[in-house]
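Here is the structure we will look at, set down as structure tokens.
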Amino acid sequence: MNTLIPNEYCLGPASQIPIGEGREFLIGETKIAVFRSRNGGVYATQPLCPHRAGPLVDGLMGGNILACPLHAWKFDLSTGQPVLGDCGLTTYPARMTEEGDIWVEVA
Amino acid sequence: MNTKQKLVVIGNGMAGARTVEEILARGGADQFEIVMFGDEPYGNYNRILLSNVLNGSQDAKEIFLNPLEWYAENNINLHAGVRISEIDRAAKCVIDTNGAVTSYDKLIIATGSRAFVPPVQGLMNEDGTDKHGVYVFRTIDDCHKIAGYATKCARAAVIGGGLLGLEAARGLINYGVEVHVVHLGSHLMENQLDAQAGAILRNTMEKMGVHVHLGKSTSAILGDDSVTGLAFKDGEELACDMVVISAGIRPNSEIGRECGMTVERAIVTDDQMRSVDDPDIFVVGECAQHRGRVYGLVAPLWEQGRVLADVLTGANPKAEYHGSKLATKLKVMGVELASMGVTEPQYPTDEVLHFAEPKRGIYKKLIVRDDQLIGAILLGDASKAAPLMQHFDHGTNLPDDRTSLLFDLGLPPASTSLLEMPDATQICNCNGVSKGQIRKCVEGGKRSLKMVMESTRAGMGCGSCKALVKDVVEWVCDGKVEEDPSVHYYVPGVPLPKPELVAAIKEQNLKSVSAIFDTLAGGVEEVGSKMALSSLLSTVWGADYAEERDARFINDRVHANIQKDGTFSVVPQIKGGVTTADQLRKIADAADKYNVPMVKVTGGQRIDLVGVRKEDLPKMWKDLGMPSGHAYGKSFRTVKTCIGTELCRFGVGDSTALGIAIESRFAGIESPGKMKLATAGCPRNCSEAMVKDVGAVAVEGGKWEIYIGGAAGAHVRKGDLLCVCESHEEVLMIIGRFMQYYRENAKWLERTYGFVPRVGLDKIRDVVVNDSEGIAARLDAAMQKSVDDYVDPWLEAEQPVSPNQFITTLPMVTA
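If you're matching them up, the sequences are chains A and B in order. Its first residue numbered 1, the first sequence is counted upward by one per residue in my numbering. Its first residue numbered 1001, the second sequence is counted upward by one per residue in my numbering.
Below, the structure written as structure tokens:
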């Protein structure tokens, strides 16, 4: 399935990411974090926690809430808003195709 | 058209306004048209804080609870400055001093009380005008008048050495006046203190420059037109140029008596705060007498207001007030005081605990009956007031170790009391949260420990300050802490305490974390619960646990400890701290091959390769050929040992052999908190076994003392002696049984230093050593199953369990 959205990139099959976890991807020179929640969501955000640069893909997910592995700052992955902490995350539109590929739009 | 009933409230003080707030909170605005009458021309203010207004620490504006706008916003017709002089019960109306009549359907009398002025001569001038310089201390206007006059005075006398009198004295000192307290009784504050405490308080006050005269009955106020002194019945006189009378309060109950209601010490009510004479009239606050008692403190008044509102609005027509236990915590002249219940024992069998340190002005006394607290005085140091008040309010059984009620022994000392502690003091040293930040958070409406912790992050680092955070929250809430029900749950996301949760897991055969969320939490996956549930399932099911790796913390997904830069640390198992040249060579080679930036000897006698990339973890494990040392999980960690009998000239037991045996058996066993162990070959304790979760110390005769509940990390605690074992085999059995009991009964993240004192050493010894509950064999079998089911996680090097388990960054596929 092709796309007409500019700056949207295919990351390949969703199966690269275990359900309920995240993995970090490189798009050009940009690193992004991509997550699959147990309730079917796909989310893409900046890769490092704004607090102390913890690797967000190593965090724990509960629904669309992510807790950073270093100091448990929490974020809503769907909006990037902080749940516990002072500042939020940059998010990127992400989707999964019917074929099971993940696409992310990086401006 | 108007179908609402008319509710008239006489009195706009703390009781009246609070009760109306309670009525509004129950939807009372839809049922009642509310009319209030207040003597004072203001909204409602916090009378308790008047002493702060007098001493200048607060402005009068700051103590208002409900400003005039509040009444308008809530459609309350407030007549401020209008006094009701009469109730006509037959016609169901009230009449004010101007003769205006207001009818009612329901009436609340909340007239409060007034200052009691003892009968002395010379209160007024002979011509009946007020004598200059004579005041009572009861209202905002009184405060302003006293403050205004005090600036012109050199010496003031306060009649009355009770709480209010001392507050007035404290206020007056700030105006540079020489203050004398004149008290009829034989010691200060008889309602709250016994004689010894009263003497200590007197001493403290005199050091502050307040002169105290006890056993003095004032017969006259001297002076024409203006005060010049006091005369006493014993013939002595005291020169002064102002007098503040603070000799107690009297209920304003005349209005009830005049309309034929039953009045004894105050207007008599039933358990629903209803007049015993008239079903349409309620009475609340200091003018009410309930079961023979009249209360002058604020907490009972709030309880009464809630009951009254429940009954009046029909929110709970059966609500009843059953009286209040009196407990207060306050500062008298800057001295902390907490007082509860009785001040003296009532029966010969009542137990009295006493501690006095007059030099520092400290006095503590507890009165205990049948293991319950019935009275307490804490003067000069009220740091233990919060737990004592809880015992007093709830009638809970006191711990056998009574000293812990009076002192913090073996805990980090609360060096300054919360009242004294400046706002800037850092409470949470991990996240840098000050007392002031916590206070603001509570004042902003977050009134439970959990909400405050989540909002400020206080207590969410190492957790060792959690008790102090709780104390601050309780202190700011002044006993009105909202308890979050989730504190009783094992994990916040599943509403069950641990025993019920375990039972549900077993009964419903729940083997995965997602199955628990689906079955017991309405399908809502809660991020803060996953780790704990993973660990619990592993404990319950062993190898039958259906692990979902996403429910594990990253450390347990990749079996290494994440570092601040996202790299990991690798700690291979070195049983009992005993290694070989071959192992060291492999470790050195791995450090070279993977460019490990730091090689560190750990506190647990292992070697830590710090700064390893995620990709290198499986390769390094294979190269090392050593099992995981589990230096990352909530599990059995390590056994620190001393050299023991091997070569040490003091050793009496083979601590290295025992340590290796323990570590071989229990490696990697998961638990609610980590378990760090040690064995020592003699009581010199070089391996620090007495401050470990479990420690074994060799004593002469081939025996081992077993210590549990020790700690030397965020919290320091000497372990408790559980028992003495005769052999290594017995040590393995007993500590295995204890660890299993801990695994089954501890709260999530509760280390043994919290678990052992919470459950009690005697109870644990009964279960683990004496098998008092007949569960020893089951505990042993459960531990044996966990041991049998254990698999070294580093074997995942050969076979990763999830896609890209050890990849840091995935490249983009190009189409």
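We put the CB at the ideal spot given by N, CA and C, even for glycine.
Worksheet item: How many angstroms separate the CA atom of Phe1355 (chain B) from the CA atom of Ser1253 (chain B)?
Response: 41 angstroms
Practice prompt. Please report how far the alpha carbon of Arg23 (chain A) lies from the alpha carbon of Lys31 (chain A), in whole angstroms.
Written response: 10 angstroms
Worksheet item: What residues in the stretch 1507-1539 of chain B have a beta carbon less than 8 angstroms from any beta carbon of chain A?
Response: Ser1514, Val1524, Glu1525, Glu1526, Val1527, Gly1528, Ser1529, Lys1530, Met1531
Worksheet item: What span of residues does the alpha helix (DSSP H) with Asn1055 (chain B) cover, start to end?
Response: 1050-1055
Worksheet item: Checking contacts by CB at 8 angstroms: is Ser1569 (chain B) closer than that to chain A?
Response: no
Worksheet item: To which residues of the same chain is Cys87 (chain A) closer than 6 angstroms at the C-beta, ignoring the five residues directly before and after it?
Response: Pro50
Item to complete: Ignore the nearest five residues each way along the sequence and tell me which others in Ala1439 (chain B)'s own chain have a CB closer than 8 angstroms to its CB.
Response: Before going on, a small fix: residue 1439 (chain B) reads as Arg here, not Ala. If we look at Arg1439 (chain B) and ignore the five residues flanking it on each side, its Cβ neighbours are Asp1423, Val1472, Val1476.
Practice prompt. Under 8 angstroms by Cβ, that's how I've got Leu1609 (chain B) and Ser1569 (chain B) pegged, so tell me the actual separation to the nearest angstrom.
Written response: 7 angstroms
Discussion item. Within a Cβ cutoff of 8 angstroms, which residues of the same chain sit near Ala1315 (chain B), ignoring the five residues on either side of it in sequence?
Written reply: Arg1026, Gly1027, Ala1309
Worksheet item: Rounded to a whole number of angstroms, what is the C-alpha to C-alpha distance between Pro1412 (chain B) and Thr1403 (chain B)?
Response: Note on Pro1412 (chain B): pLDDT 46, under 50, position unreliable in the model; the coordinate value appears next. In a straight line, the C-alpha of Pro1412 (chain B) is about 16 angstroms away from that of Thr1403 (chain B).
Worksheet item: In whole angstroms, what is the alpha-carbon distance linking Gln1031 (chain B) and Leu1007 (chain B)?
Response: 9 angstroms
Worksheet item: Are the beta-carbon atoms of Leu89 (chain A) and Gln46 (chain A) separated by less than 8 angstroms?
Response: yes
Item to complete: Would you mind telling me which residues of chain A sit closer than 8 angstroms to Phe1553 (chain B), beta carbon to beta carbon, in chain order?
Response: Leu60, Pro69
Worksheet item: Quick one: what's Arg23 (chain A) bridged to in DSSP?
Response: A:Val34
Worksheet entry | Meets three-Cβ-pair contact criterion under 8 angstroms: the stretch 1522-1541 of chain B and the stretch 62-82 of chain A | yes
Fill in: From B:Val1332, B:Gly1681, B:Asp1616, B:Ile1734, residue whose alpha carbon lies closest to that of Phe1666 (chain B)
B:Ile1734
Practice prompt. Decide if the stretch 1098-1110 of chain B is in contact with the stretch 1269-1284 of chain B; the criterion is three or more beta carbon pairs, one per stretch, under 8 angstroms apart.
Written response: yes
Worksheet item: From Pro93 (chain A) to Ala72 (chain A), what does the alpha carbon distance come to, in whole angstroms?
Response: 24 angstroms
Discussion item. Strictly under 8 angstroms for the Cβ-Cβ distance: is Met1451 (chain B) near chain A by that measure?
Written reply: no
Worksheet item: Hey, Cys1143 (chain B) and Val1053 (chain B) are a contact pair by Cβ (cut 8 angstroms); roughly how many whole angstroms apart?
Response: 5 angstroms
Worksheet item: Taking Cβ to Cβ, would you say Ile1660 (chain B) is nearer than 8 angstroms to Gly1576 (chain B)?
Response: yes
Discussion item. Please return the same chain residues whose Cβ sits closer than 6 angstroms to the Cβ of Ser1051 (chain B), not counting the five positions on each side in sequence.
Written reply: Glu1167, Gly1171
Discussion item. In this structure, how does DSSP classify Asp1582 (chain B) when only helix, strand and coil are distinguished?
Written reply: helix
Fill in: Interface positions of the stretch 2-23 of chain A facing chain B (Cβ-Cβ less than 8 angstroms), listed along the chain
Tyr9, Cys10, Leu11, Gly12, Ser15, Gln16, Ile17, Pro18, Ile19, Gly20, Glu21, Arg23
Discussion item. Which residues in chain B have a C-beta closer than 8 angstroms to the C-beta of Arg38 (chain A)? List them in chain order.
Written reply: Ser1514, Glu1525, Asp1550
Worksheet entry | Where the alpha helix (DSSP H) through Lys74 (chain A) begins and ends | Looking at the DSSP string, Lys74 (chain A) is not in any alpha helix (DSSP H); the run it does join, the beta strand (DSSP E), is 74-76.
Discussion item. Does any residue of chain B have a CB that is nearer than 8 angstroms to the CB of Phe25 (chain A)?
Written reply: yes
Practice prompt. Give the C-beta separation of Ala1110 (chain B) and Ile1249 (chain B) to the nearest angstrom, bearing in mind that I take them to be a contact with Cβ-Cβ under 8 angstroms.
Written response: About 15 angstroms separates the two Cβ atoms, so there is no contact after all.
Worksheet item: Nearest-angstrom Cα distance between His1559 (chain B) and Thr1580 (chain B)?
Response: 24 angstroms
Worksheet item: Can you give the beta carbon distance from Val1724 (chain B) to Gly1710 (chain B), rounded, assuming they're within the 8 angstroms contact cut?
Response: Actually they do not touch by this definition, with Cβ atoms about 16 angstroms apart.
Fill in: Cβ neighbours of Gly1668 (chain B) in the same chain (closer than 8 angstroms, five flanking residues each side left out)
Ser1628, His1630, Gly1633, Ser1635, Phe1636, Tyr1790, Asp1792, Pro1793
Worksheet item: Can you round the beta-carbon distance between Tyr1042 (chain B) and Ile1146 (chain B) to whole angstroms, since I take them to be within the 8 angstroms contact cut?
Response: In fact, because the Cβ distance is near 17 angstroms, the residues do not count as touching under 8 angstroms.
Worksheet entry | Nearest-angstrom Cβ-Cβ length linking Trp1704 (chain B) and Gly1653 (chain B), presumed shorter than 8 angstroms | 6 angstroms
Worksheet entry | Where Pro1811 (chain B) meets chain A, residues with beta-carbon distance less than 7 angstroms | Leu26
Practice prompt. Give me the Cα-Cα distance between Gly1459 (chain B) and Leu1449 (chain B), rounded to the nearest whole angstrom.
Written response: 10 angstroms
Fill in: Candidates B:Ile1554, B:Tyr1321, B:Glu1688, B:Val1540: closest to Met1531 (chain B) by CA position
B:Ile1554
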